[in-house]
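Engineer: Pasting in a structure now, in structure tokens, and then I'll have a few things to ask.
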């Protein structure tokens, strides 16, 4: 089955892709159900393209490395007879450099360059903007600080979406950033826990996603914010947690919903106060206290500019041209050539228990 899918994919696109799998327990599962079920892998990409076309914007053309959400090029489904569970597959653009969780695991003792963290921060904020209002912004925006509430960014033709499963393992590294080619472009994947922010969806979205990565309002239990609405602020909390993992250089999870987060006693990084302040603002337990998405977009653009003003312009600089070792990042090369078999340990990770 896998060989057939790979052959069909290669004939269509002459490339491999990340394959994401979803399960559904719909007894009369049809392709139309899959279209609705796999909302993040199909509808969001289609919708944002339509929005871009309506605005005369070619920003989301296939292959544009600036897109901060991995493109979904196709999908298929497979019934598992007798189990009542069926499988849906989404075929995403190939991201050869793994995910942020893997990058953290293999980074060693050296801290990540602050510019890389700012770029990831801004890339994830742009991904949230796509989910929230179906559009993105240019690299030089917002040009100045202004108050714009999250509701002011909404488009009447777009239902805001909230992704409740943002984590380091769901942020992959694609090709080189076209503006800063010394670094790889972060790509958000896995939208199986993405929901519209309508009132009747609030209750069903509690306790979704991954343990340790949920915002307080996305969890049930005895804490002050368990009745707060699920909004874009929920995803902002998770983005802040992803960035904290990069800052700490190790996995940091939410363990106490009544305790404000701060750096760990083991933290010995040398990052700017501006970066740390923004991270912990995003991690406020009260969603009303978190910065707006527009504020994050402004501060990340400003952080990128300030870092370069102090350390040197990295625009157009290739990795091998970086003179200071502290600023370098060595990304793992692709381990498997197109058409080769996967290593045994990869297959172990993909193996599922047999259907009952």
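In the UniProt record's numbering, the protein residues as written are 1 to 356.
Where is the CB? At the ideal position from N, CA and C, for every residue including glycine.
The model shown is predicted, which means the values in this text are computed figures rather than measured ones.
Going by DSSP, name the residue or residues bridged to residue 176.
Structural biologist: By 1-based counting over the chain shown, the position of residue 176 is 176. Paired residues: 184.
Engineer: Helix, strand or coil, according to DSSP, for residue 255 in the structure here?
Structural biologist: Start at 1 with the first residue of the chain shown, and residue 255 comes out as number 255. DSSP places residue 255 in coil when its eight states are reduced to three.
Engineer: Per DSSP, which residues does residue 302 bridge with? Please list them.
Structural biologist: Counting from 1 along the chain shown, the entry for residue 302 is found at position 302. None; residue 302 has no bridge partner.
Engineer: Is there a Cβ from chain C that is less than 9 Å from the Cβ of residue 190?
Structural biologist: Reference to chain C is not applicable here, since this structure consists of a single protein chain.
Engineer: Report the residue from 254, 228, 226, 225 whose alpha carbon sits nearest the alpha carbon of residue 239.
Structural biologist: The residue you call residue 239 lines up with position 239 of the chain shown. Per the Cα distances, 254.
Engineer: Tell me the residue span of the alpha helix (DSSP H) that contains residue 151.
Structural biologist: In the chain shown, residue 151 corresponds to position 151, counting from 1. Per DSSP, residue 151 belongs to no alpha helix (DSSP H) and is neither H nor E.
Engineer: Are three or more beta carbon pairs between the stretch 160-169 and the stretch 210-217 nearer than 8 Å?
Structural biologist: The stretch 160-169 is in contact with the stretch 210-217.
Engineer: Starting from residue 219, trace the beta strand (DSSP E) both ways and give me its first and last residue.
Structural biologist: Residue mapping note: residue 219 aligns to position 219 of the chain shown, counting from 1. First-last for residue 219: undefined, no H or E at that position.
Engineer: Which first and last residues belong to the beta strand (DSSP E) in which residue 263 is found?
Structural biologist: Locating residue 263 in the chain shown gives position 263, counting from the first residue. Counting along the chain, residue 263 falls outside any beta strand (DSSP E), and DSSP gives it neither H nor E.
Engineer: Using only the alpha-carbon positions, how far apart do residue 316 and residue 180 sit?
Structural biologist: To locate residue 316, count along the chain shown from 1; it is residue 316. To locate residue 180, count along the chain shown from 1; it is residue 180. Cα to Cα, the separation comes out at about 5 Å.
Engineer: Can you tell me which of the three DSSP states residue 99 falls into?
Structural biologist: Along the chain shown, one-based indexing puts residue 99 at 99. The answer is strand: DSSP assigns residue 99 an E or B state.
Engineer: Return the first residue and the last residue of the alpha helix (DSSP H) that residue 161 is part of.
Structural biologist: Stepping through the chain shown from its first residue, residue 161 is reached at position 161. Residue 161 -> not in any alpha helix (DSSP H); beta strand (DSSP E) instead, spanning 161-163.
Engineer: Mind checking residue 258: buried by the 16 CB within 10 Å criterion, or exposed?
Structural biologist: Counting from 1 along the chain shown, the entry for residue 258 is found at position 258. Counting Cβ neighbours within 10 Å, residue 258 comes out exposed, since fewer than 16 surround it.
Engineer: Kindly indicate the opening and closing residues of the alpha helix (DSSP H) around residue 234.
Structural biologist: Along the chain shown, read from residue 1 onward, the residue named residue 234 stands at position 234. Residues 232-248.
Engineer: Rounded to the nearest angstrom, what separates residue 303 and residue 319 at their Cα positions?
Structural biologist: As a working mapping, residue 303 is identified with position 303 in the chain shown. As a working mapping, residue 319 is identified with position 319 in the chain shown. Answer to the nearest angstrom: the Cα atoms are 21 Å apart.
Engineer: For residue 285, which of helix, strand or coil comes out of DSSP?
Structural biologist: Taking the chain shown and counting its residues from 1, the one referred to as residue 285 is at position 285. In the structure shown, residue 285 sits in coil (DSSP, three-state: anything other than H, G, I, E or B).
Engineer: Take every Cβ of the stretch 214-225, pair it with every Cβ of the stretch 259-269, and state whether three or more of those distances are shorter than 8 Å.
Structural biologist: Short answer: they don't touch.
Engineer: In terms of residues, what are the limits of the alpha helix (DSSP H) holding residue 192?
Structural biologist: The residue labelled residue 192 in the question sits at position 192 within the chain shown. Premise fails: residue 192 is in no alpha helix (DSSP H) and is neither H nor E.
Engineer: If you follow the alpha helix (DSSP H) that residue 126 is in, where does it begin and where does it stop?
Structural biologist: Counting from one through the chain shown, the residue named residue 126 turns up at place 126. Run containing residue 126: 114-133, per the alpha helix (DSSP H) assignment.
Engineer: Between the alpha carbons of residue 106 and residue 225, how many angstroms are there, rounded?
Structural biologist: The sequence position of residue 106 within the chain shown is 106, counting from 1. The sequence position of residue 225 within the chain shown is 225, counting from 1. Approximately 36 Å between the Cα atoms of the pair.
Engineer: Taking contact to mean at least 3 C-beta pairs separated by less than 8 Å, is the stretch 93-104 in contact with the stretch 234-251?
Structural biologist: Cβ pair count under 8 Å is three or more, so yes.
Engineer: Below 9 Å between beta carbons: does that hold for residue 183 and residue 300?
Structural biologist: Start at 1 with the first residue of the chain shown, and residue 183 comes out as number 183. Start at 1 with the first residue of the chain shown, and residue 300 comes out as number 300. No, Cβ-Cβ distance for residue 183 and residue 300 is not below 9 Å.
Engineer: Helix, strand or coil, according to DSSP, for residue 171 in the structure here?
Structural biologist: Start at 1 with the first residue of the chain shown, and residue 171 comes out as number 171. Correct three-state label for residue 171: strand.
Engineer: Is residue 98 near the ligand GTP, going by C-beta to nearest heavy atom under 8 Å?
Structural biologist: Within the structure as shown, the ligand GTP is missing, as the structure has no ligands at all.
Engineer: Would you report the Cα separation of residue 163 and residue 278, rounded to the nearest angstrom?
Structural biologist: Your numbering for residue 163 matches position 163 in the chain shown. Your numbering for residue 278 matches position 278 in the chain shown. If I take the Cα positions, the gap works out to 20 Å.
Engineer: What's the gap between the Cα of residue 71 and the Cα of residue 92?
Structural biologist: Position 71 of the chain shown, counting from 1, holds the residue named residue 71. Position 92 of the chain shown, counting from 1, holds the residue named residue 92. Near 5 Å, if we compare the C-alpha coordinates of residue 92 and residue 71.
Engineer: Compute the beta-carbon to beta-carbon distance between residue 133 and residue 154, rounded to the nearest angstrom, for a pair I have assumed lies under 8 Å.
Structural biologist: Residue numbering aside, residue 133 sits at position 133 when the chain shown is read from its first letter. Residue numbering aside, residue 154 sits at position 154 when the chain shown is read from its first letter. Right, the Cβ-Cβ distance comes to about 5 Å (below 8 Å), so this counts as a contact.
Engineer: Quick check on this structure: which residue in 96, 141, 108, 124 has the alpha carbon closest to the alpha carbon of residue 232?
Structural biologist: Counted from its first residue, the chain shown places residue 232 at position 232. Closest by alpha carbon: 124.
Engineer: Leaving out five residues on either side along the sequence, give the residues of the same chain with a beta carbon under 8 Å from the beta carbon of residue 68.
Structural biologist: On the chain shown, position 68 is the one that residue 68 refers to. Excluding residues within five positions, the ones whose Cβ falls inside 8 Å are 123, 124, 126, 127, 130, 136, 185, 186, 187, 188.
Engineer: Under a three-way DSSP split, which group does residue 166 fall into?
Structural biologist: In the chain shown, residue 166 corresponds to position 166, counting from 1. Three-state result, residue 166: coil.
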